[in-house]
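Novice:
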Amino acid sequence: MVYLSKPCAFIKQTLFDHSMGSYAVLSKFINYTYYAVISRRLKSVGIQLKPEEVKRLIEISVKLHDIGKAAEYYQNQFDENCLSNKKEPSFIFHEIGSSLFFYYSNYTNDNKVKRLLALAALNHLNAIRGLADFKPNQLPKGAKEEMLKIEKYGKVLLSKLGFNFEVRDYTTDDYIKMMNDFINRPKDEDLKLYKLHNLFLAPIIIGDNLDSHYARSISERRRFIKLLEVELNEDSII
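Structure below.
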């Protein structure tokens, strides 16, 4: 028997394995040209990053896109071997914890970059929720503050991945501050900035969905995965 350890991404899959798998499969389809394109696009909003720095940010965002799953609220569904008595463990709203990590952590000192990666994490599910679906002064209906407590297992994941970034238990107030920053910024320059989050969102969606499909054989995603593979096989650049 292969013994696994928390945090878990799903039944019989650790969050570490999903993180590494997501980036590994993405790396087959992305090359230097994409990093250079992002570098040029970011300059238009005042963000100066070399392609190599963009590559590092994509690695961080893809490997940590699911760090919100590290919350004890979700991990309590599993034993230490990532087995669960639930057929379909739920990670609903885990993207909020992930977004808070990217908004508040110290992986970069550039607040514009933090906002971009936080938005990418917030929107990385297939059923993408727009900012209009989030209320800036309260958590979404059904979400609980316990879902934001990711410090314990978040530190474990970061250590396994070799990252020395800050992570803590976030609060509803942290969420409100972040969402107000996103929503209460009607300036054209901010809208232009926010549109660029898709440049980081695309790699997350590709890595996340392909690794999940290969590792878990999720049948309901099969058509989406097939279309994704066809598109990617036509060109190595996203």
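For the sequence shown, UniProt numbering begins at 1 and goes up steadily by one. Just so it is clear, CB atoms sit at the ideal spot from N, CA and C, and this is done for glycine as well.
#1: Alpha carbon to alpha carbon, how far is P51 from Y23? Give it in angstroms, no decimals.
#2: For K135, which of helix, strand or coil comes out of DSSP?
#3: Give the secondary structure of F165 by DSSP, where H, G and I count as helix, E and B as strand, and everything else as coil.
#4: Please check the pair D66 and H18, which I expect to be a contact at CB under 8 angstroms, by giving their CB distance rounded to whole angstroms.
#5: Would you call the CB atoms of Q75 and Y175 closer than 7 angstroms?
#6: So M147 and A71 are supposed to be a Cβ contact under 8 angstroms. How far apart are they, rounded?
#7: Would you call the region 153-168 and the region 105-118 touching, i.e. three or more CB-CB distances under 8 angstroms?
#8: Hey, how far is the Cα of M20 from the Cα of K63?
#9: Tell me the DSSP secondary structure of F101 in three-state form.
#10: Leaving out five residues on either side along the sequence, give the residues of the same chain with a beta carbon under 7 angstroms from the beta carbon of E234.
#11: For the beta strand (DSSP E) that contains F10, what are its first and last residues?
#12: According to DSSP, is Q75 part of a helix, a strand, or is it coil?
#13: Considering just the uninterrupted stretch of the alpha helix (DSSP H) at V62, what are its terminal residues?
#14: Can you tell me where the alpha helix (DSSP H) with T171 in it begins and where it stops?
#15: Which residues in the same chain as E189 place their Cβ atom closer than 8 angstroms to its Cβ, once the five residues preceding and following it in sequence are excluded?
#16: Check this for me: beta carbons of L201 and R41, under 7 angstroms apart or not?
#17: Roughly how many angstroms separate the alpha carbons of A120 and I183, rounded to a whole number?
#18: Using the three-state DSSP reduction, which class does T14 fall into: helix, strand or coil?
#19: For K149, write down the residues that DSSP places opposite it in a beta bridge.
#20: Buried or exposed for E88, please, with buried defined as at least 16 other CB atoms from any protein chain shown within 10 angstroms of its CB.
#21: Within 10 angstroms of the Cβ of L191, are there 16 or more other Cβ atoms? Answer buried if so, exposed if not.
#22: Tell me whether L161 is buried or exposed, calling it buried when 16 or more other Cβ atoms sit within 10 Å of its Cβ.
Specialist: This is what the structure holds:
#1: What you label residue 23 is simply residue 23 of the sequence shown in a count that begins at 1. What you label residue 51 is simply residue 51 of the sequence shown in a count that begins at 1. Each residue's alpha carbon lies about 17 angstroms from the other.
#2: Counted from its first residue, the sequence shown places residue 135 at position 135. K135: coil per DSSP, three-state reduction.
#3: To locate residue 165, count along the sequence shown from 1; it is residue 165. Coil, per DSSP.
#4: In the sequence shown, the residue the question calls residue 66 occupies position 66. In the sequence shown, the residue the question calls residue 18 occupies position 18. A Cβ-Cβ separation of about 6 angstroms places D66 in contact with H18 under the 8 angstroms criterion.
#5: In the sequence shown, residue 75 corresponds to position 75, counting from 1. In the sequence shown, residue 175 corresponds to position 175, counting from 1. No, the pair does not count as a contact, with Cβ atoms beyond the cut-off.
#6: Locating residue 147 in the sequence shown gives position 147, counting from the first residue. Locating residue 71 in the sequence shown gives position 71, counting from the first residue. The Cβ separation is near 5 angstroms, so the contact holds.
#7: Remark: three or more beta-carbon pairs, one from each stretch, lie closer than 8 angstroms, so the region 153-168 and the region 105-118 are flagged as touching.
#8: Walking along the sequence shown from the start, residue 20 turns up at place 20. Walking along the sequence shown from the start, residue 63 turns up at place 63. When only Cα atoms are considered, M20 and K63 end up about 6 angstroms apart.
#9: Taking the first residue of the sequence shown as 1, we reach residue 101 at position 101. Three-state result, F101: helix.
#10: Within the sequence shown, the letter at position 234 stands for residue 234. Here E234 scores only 46 on pLDDT, less than 50, and its place in the model is too uncertain to base an answer on.
#11: What you label residue 10 is simply residue 10 of the sequence shown in a count that begins at 1. Unbroken beta strand (DSSP E) run through F10: 8-10.
#12: Mapped onto the sequence shown, residue 75 falls at position 75. If DSSP states are grouped into helix, strand and coil, Q75 belongs with the helices.
#13: The residue you call residue 62 lines up with position 62 of the sequence shown. 51-63 is the extent of the alpha helix (DSSP H) around V62.
#14: In the sequence shown, residue 171 corresponds to position 171, counting from 1. First-last for T171: undefined, no H or E at that position.
#15: The count along the sequence shown starts at 1 and reaches residue 189 at position 189. Contacts found: V45.
#16: By 1-based counting over the sequence shown, the position of residue 201 is 201. By 1-based counting over the sequence shown, the position of residue 41 is 41. Cβ distance not < 7 angstroms, so L201 and R41 don't count as in contact.
#17: For this step, residue 120 is matched to residue 120 along the sequence shown. For this step, residue 183 is matched to residue 183 along the sequence shown. So the alpha carbons of these two residues sit roughly 15 angstroms apart.
#18: For the purposes of this step, residue 14 is identified with residue 14 of the sequence shown, where counting begins at 1. In the structure shown, T14 adopts extended strand secondary structure according to DSSP, grouped into three states.
#19: Against the sequence shown, residue 149 aligns to sequence position 149. The partner list for K149 (beta bridge, DSSP) reads D169.
#20: Taking the first residue of the sequence shown as position 1, residue 88 is located at position 88. Exposed.
#21: Working through the sequence shown from its first residue, we reach residue 191 at position 191. Exposed, since its Cβ has fewer than 16 Cβ neighbours within 10 Å.
#22: Sequence index remark: in the sequence shown, residue 161 carries index 161 (1-based). The residue is buried, with at least 16 neighbouring Cβ atoms inside 10 Å.
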